[in-house]
Structures are given as C-alpha cells and as structure tokens.
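Residue numbers (the working numbering): 3 to 433.
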C-alpha cells in the first residue's frame, strides 16, 4: 500500500512538472514560444514617419518585437525605437523637428544685426594643403542631424546593437563595391548616419575604412538581412518607398534623387517583398521625399495600414509551445590597447593619456561615448569613429579614428532675397 502511494505521488509530480517549469520560466522573464516578430523598416525620407504609426499600433496590440532592421529613414526611426522610445515618444520627437534647421550644417546664431554673413554656404569646396580638391562628396555633412541623434540616443550606451532594449541593425551601401553592409555594432549614430546618406544630398560616411551611402540603393527593404540576423522569426515589412513620379511631379533636385532611387531599387524591392511574411504599405507613396508638412497625416496612415493588417500579423505569430530563452547580454571585452588614427603630436598624446585608464579593464561604453562626444564638439573635427578590433573576442584593442576638417576651404555664401540685410555674396577662405 505504501509503495502504491509513492507511485501515485510520483505520477502526479510528473504530471504537474511542466506547469512548474513554465511558471518558473515566466517568473524569470523567459517567455514561452518563439517570441516576437522582426520589423523591417524601409527607406523613404519623411514618408518614413509612417513607421511611427506602425510601432504605435503594434505596441497597443501587444505584438512583441524580436528585432528591428532599418534602411535610411527606417534606420532612424528603428534605431530610436530600439533605444526604448515608445511610439508616442517618437511622435513627440517628430513634432519638435525643424527640418530646415536639422539639414543646416551651420548654426544660425544671430547678433543684433541679424545673421552673420557667411553663415550660410551656397557652395563649398575643400582642399588639402597643396590646394588639390578633396571634397565635398555631397551637399550636407549632417552635423546638426547627428548632434540631435546623439542627444536622443544617450539613454542607450552600448557597443553591440543586440544589447539595446530591442536588438537592431541598420543597412548601408558600400559605394566602392556596391555591397549591402549590415551595421549592428559600434557607434549607433554613425550607423544611422551611414544608412541615411542619400547620394548628392548627404556626404558619404566612413565606417571601418568603408565609404558608405544610403542603404536603399541595394536593400531598401532589407528582408534577407533581417532573416539572417533573426532566423525563425516572422518578418513584418513596412514599405514606404515612392510609387514613382510623372514628368510633371519632378520639380526639384530632391524629386530627381527620389525618382533615381526608385528606378534603381524597384526590382530589388519587389523581390524582397516576396520574402516577407506580412507587408504593411501605408498610403504615402505619392508624398515628397523631404516634406515639411503633413507629418501627422503620414503617421496616421501608418496606424491605419497596420490596423488593417492585424489579422495577417496575428496569423503569422508563432503558435509553438517550444520555450526559447532570450540570449543573455554578452559581457564587453577587456581593452588591451588603444589605437588612435588621424591625430598627431600633442593632440594624439593627450588623447592617449585620457584613454590610458581603459586598458586591462572591461570596456565602459558610457565612458567611451563621453570621450568621443567631447571630440566631436571640437570645431576642427569632422567625425569620430570608435570600434573594437575584434568585437567577439574576450580581449581586444579599441580603435579611435578621428577625421579633421580640410585645412583649406572656399565657400560662397549669400542670400536669395533683396529683403535680407546683407545683399551681397561672400567668399570665405578657411585655412
């Protein structure tokens, strides 16, 4: 009789064991099932503000995100969402944007007499010390844009974008080889800046020796990259690419650039969309690439299109009861050496002195970010890049690449209206 009771207890224990394991997993924050979808956000200029409306609806409907992969404007919205900004916070950020100021490389500091002459460059040429032309390679450096992004991303100081609240990757194009480049570690803002480097509008952006431009040229809808980074998860695409323009609709250089990208990417976009599990297409295809108004409506159209797709989204959500634990945040490697490129003499020695404390200690992402930010604020610095020699090693060197502004620059400045207080052209020679 005693043996029989023991067998009954053992049998009951076996029956309730799965429930006990599941309960423990939920208590520890391990979710049952292959949790979450991967969100792929296409490029499209300010049409990409529709991505915000998509994120708002997914949050409201309780759809978890396993990762975000973005191209161009999709990398900006996606990168901020990955940092932990909610859909409502993203909408607030957009409402505060002054697009003209954001795309102006020089701050407009006005004195008593108004804006100082020479503050606005109509044309700029860069030279080395031998007066050979070295640039620019595009219209805008994107200085104000980057400063704004650095302010917004300070809440998330990480090296690997997998360690963000939502794992993230941006996609850019190597202008030399034509390859799609997936950026998922290093400086988050640099990754976003590279991905949004629309040819002719923005200067290309250098990362680890590669000159990068807008990812939309080869992967405006980076589905294959998303599947490689997040295998097994359903892929939800938000496509805000242009529908193409008629001759009458091509009125500005931005229209020409937008149409050029549409023509170049139309085929790869169509092929990528076939690989997606769900495609959300907000009705924004006829909007301008860089519109200065109507953003609330663009966001609303993102919400509407997502709401209309919820049945399809829920249909691809995993139904398996297999429990897959989330990966643990990988410890940052120990820094064995600090290598500096682009500075010489006292400047290099001074920076090495500041960074000497990093050696033989685990990388402190917040401290590295602080040092890089201080460098970027210098007047003669064009950009600063920081990357690990071997991100996957337990011990590795850290590289700081500093690019100074050209030693000589000629810029032609002036005003387009005779209503301005200064009605002349100015030629500035910077040495």
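Note that CB positions come from ideal geometry on N, CA and C, so glycine has one too. Quick caveat, the model's predicted, so the values are computed rather than measured.
- Membership of residue 317 in any beta strand (DSSP E) is not indicated; the residue belongs instead to the alpha helix (DSSP H) covering 312-318.
- Non-local beta-carbon contacts of residue 63 in its own chain, meaning distances under 7 Å to residues more than five positions away in sequence, involve 312 in chain order.
- In the three-state reduction of the DSSP assignment, residue 232 falls in the coil class, being assigned neither a helical nor a strand state.
- Here residue 73 is near residue 197, since their CB atoms are less than 8 Å apart.
- Per DSSP, the continuous alpha helix (DSSP H) segment holding residue 357 begins and ends at 347-357.
- Note on geometry: alpha-carbon atoms of residue 359 and residue 402 lie some 15 Å from one another.
- Taken in chain order, the complete alpha helix (DSSP H) segments of 4 or more residues contained in the region 234-302 are 255-277.
- Pairing residue 171 with residue 318 gives a Cβ-Cβ distance that is not under 8 Å.
- Looking only at 390, 146, 173, the smallest Cα-Cα distance to residue 217 is reached by 173.
- Take the alpha-carbon of residue 145 and the one of residue 405: they are about 14 Å apart.
- Across the set 379, 47, 78, 340, the C-alpha of 78 shows the shortest separation from the C-alpha of residue 191.
- Remark: fewer than three beta-carbon pairs, one from each stretch, lie closer than 8 Å, so the region 361-373 and the region 342-352 are not flagged as touching.
- Here DSSP, grouped into helix, strand and coil, assigns residue 401 to strand.
- Across the set 52, 377, 240, the C-alpha of 377 shows the shortest separation from the C-alpha of residue 344.
- If you compare the alpha carbons of 373, 387, 143, 67 with that of residue 37, the shortest gap goes to 67.
- Boundaries of the beta strand (DSSP E) harbouring residue 342: 336-343, taken from the DSSP string.
- In the structure shown, the three-state DSSP call for residue 74 is coil.
- Within the model, the alpha-carbon separation for residue 385 versus residue 186 is close to 19 Å.
- Residue pairing for residue 388: DSSP places it in a beta bridge opposite 402.
- With a 10 Å radius around the Cβ and a threshold of 16 neighbouring Cβ atoms, residue 153 comes out exposed.
- In the three-state reduction of the DSSP assignment, residue 171 falls in the strand class.
- Put simply, the backbone Cα of residue 306 is about 22 Å away from that of residue 292.
- Below 8 Å, too few C-beta pairs join the region 225-241 and the region 199-213 to call them touching: fewer than three.
- Looking at the DSSP output, residue 373 shares a beta bridge with no other residue.
- Here residue 207 has 192, 195, 196, 199, 214 as same chain residues with Cβ atoms under 7 Å from its own Cβ, once five neighbours each way along the sequence are excluded.
- Short of 6 Å from the beta carbon of residue 398, and not among the five residues preceding or following it, lie these beta carbons of its own chain, in chain order: 335, 390, 391, 392.
- In this structure, residue 84 sits away from residue 57, with a CB-CB distance that is not shorter than 8 Å.
- Rounded to the nearest whole angstrom, the C-alpha separation of residue 257 and residue 219 is 16 Å.
- By the neighbour-count criterion, in which a residue is buried when 16 or more other Cβ atoms sit within 10 angstroms of its Cβ, residue 267 is buried.
- Under the criterion of beta carbons closer than 8 Å, residue 188 and residue 388 qualify as touching, at roughly 7 Å.
- Of 69, 310, 361, the smallest CA-CA separation from residue 169 is found for 69.
- Looking only at 95, 176, 303, the smallest Cα-Cα distance to residue 150 is reached by 95.
- In the assembly as shown, residue 49 is a buried residue. Its beta-carbon has 16 or more other beta-carbons within 10 Å.
- Short of 6 Å from the beta carbon of residue 147, and not among the five residues preceding or following it, lie these beta carbons of its own chain, in chain order: 104.
- Counting the other Cβ atoms within 10 Å of the Cβ of residue 337 gives 16 or more, which makes it buried.
- For residue 182, the enclosing beta strand (DSSP E) has its first and last residue at 182-185.
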